[in-house]
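The structure appears right after this line, and notes come after that.
Residue numbers (this note's numbering): 156 to 427.
Below, the structure is given as C-alpha cells:
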C-alpha cells in the first residue's frame, strides 16, 4: 500500500497515490541537501545529513571576488593572502572597516608624506588642514601674530564676494591669549562652563573646553553652493578638513593642497 504524505488515505499503486497528492496538493515539504541530490521530508533530517557529511553550502563570501567559503576563518585567510578585502591598502597590507577609514589612511602622512610647508617657519605638514591649525593656534614661531582672528581678517579682505567667508555683522575678534577659569566657575561639585553649563572634574578640563572651537563663531563656509553644501566652520583648518575629505565632492584632496599656499600667503582675490 502507498500512503499519502499528508492525509491518512492509502492506495494500491504508486501512480494513484501520486495522482491523489497532485490533485490535492498533499505532497509533503521537501528539504534538499545543500550539496548533493538527496531530498528529505523534514528539515531536521536534512540538517542531520549535512552535519554528518559536511554538505553544508559555503556561507562566507570573499568581500571582493566571487569565491564563497565554508568558514569565516577560511574566508579571512583567503582575503588576507590575496588582499581581497573590500577596503584594503595593498602597500601596507591593511584592511579597513569603511571606505572613509581607508581614504583617511591613504591621505595620512604614511602615504602622502609631509609636502605642505609653512611659508613662515618652514615646518612641514601632511595636509592643508594641518598647516591651518598650526597658524590659527599661533604656533608658528616666525609669525606669532597670526591666529584664528588675524587670519580671518586677512582672508576676508581678499574675499569681498564671500566665497568662503561669512559676512558677519558686528563680528568681534576673540581676545588674544588663552582663557582661564576662575574660582567662580566651581559650583561646589565640578567646574562648569557658563555658556553651555557642561561640567568638568578639573579646572584644566574646563580651560581646554573654553579654548576649544566649541563656542566660537562660525566664520567660514563651504564654497560649494552650487552643490548645495551649507556647512559652516569656526576655523580655516575646519574648512580645509571638510574639503580634503571630499565629502561634498567639490574638489579632490590634491587640489586643496595645491591651493593652500596662495590662500594663506597670496595677495590676490580668493578663488577655487
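Just so you know, even glycine gets a beta-carbon here, dropped at the ideal spot from N, CA and C.
C-beta atoms of residue i and residue j nearer than 9 Å
i: residue 398; j: residue 256; result: no
i: residue 187; j: residue 201; result: yes
i: residue 278; j: residue 289; result: yes
i: residue 357; j: residue 347; result: no
i: residue 408; j: residue 382; result: no
i: residue 195; j: residue 213; result: no
Which listed residue (the options) has its alpha carbon closest to that of residue i
i: residue 374; options: 363, 305 and 416; result: 305
i: residue 302; options: 287, 312 and 313; result: 287
i: residue 372; options: 192, 380 and 321; result: 321
i: residue 218; options: 253, 383 and 368; result: 253
i: residue 299; options: 273, 395 and 258; result: 273
i: residue 416; options: 251, 395 and 403; result: 395
i: residue 339; options: 393, 361 and 275; result: 361
i: residue 359; options: 345, 174, 294 and 261; result: 345
i: residue 190; options: 228, 310, 317 and 211; result: 211
i: residue 366; options: 224, 343, 379 and 350; result: 350
i: residue 380; options: 163, 418, 208 and 317; result: 317
i: residue 208; options: 193, 222 and 343; result: 193
i: residue 419; options: 307, 341 and 402; result: 307
i: residue 261; options: 275, 271 and 242; result: 242
Buried versus exposed call for residue i [16 or more other C-beta atoms within 10 Å across all chains shown]
i: residue 413; result: exposed
i: residue 182; result: exposed
i: residue 291; result: buried
i: residue 172; result: buried
i: residue 259; result: exposed
i: residue 432; result: Coverage of the chain is limited to positions 156 through 427, which leaves residue 432 absent and any answer about it impossible.
i: residue 296; result: exposed
i: residue 364; result: buried
i: residue 343; result: exposed
i: residue 429; result: Coverage of the chain is limited to positions 156 through 427, which leaves residue 429 absent and any answer about it impossible.
i: residue 180; result: exposed
Cβ of residue i within 9 Å of any chain B Cβ
i: residue 411; result: Reference to chain B is not applicable here, since this structure consists of a single protein chain.
Contacts around residue i, its chain only, beta-carbon distance under 8 Å, and the 5 residues preceding and following it disregarded
i: residue 167; result: 156 and 157
i: residue 368; result: 389, 390 and 393
i: residue 268; result: 281
Sequence-distant residues of the same chain with beta carbon closer than 7 Å to residue i, five excluded per side
i: residue 337; result: none
i: residue 176; result: 159, 160 and 182
i: residue 205; result: 188, 189 and 211
i: residue 411; result: 283, 395, 398 and 399
Residues near residue i in its chain [Cβ-Cβ closer than 6 Å; skip 5 each side]
i: residue 245; result: 238
i: residue 264; result: 281
i: residue 240; result: 218, 234 and 250
i: residue 331; result: Only weak support is given to the placement of residue 331: the predicted model assigns it a pLDDT of 48, under 50, and the value that follows is read from those uncertain coordinates. Cβ neighbours of residue 331 beyond the five flanking positions: none.
i: residue 185; result: 194
i: residue 229; result: none
Whole-angstrom C-beta distance between residue j and residue i, which should lie under 8 Å
i: residue 370; j: residue 386; result: With a Cβ gap of about 18 Å, residue 370 and residue 386 do not count as contacting.
i: residue 226; j: residue 215; result: 6 Å
i: residue 378; j: residue 319; result: 5 Å
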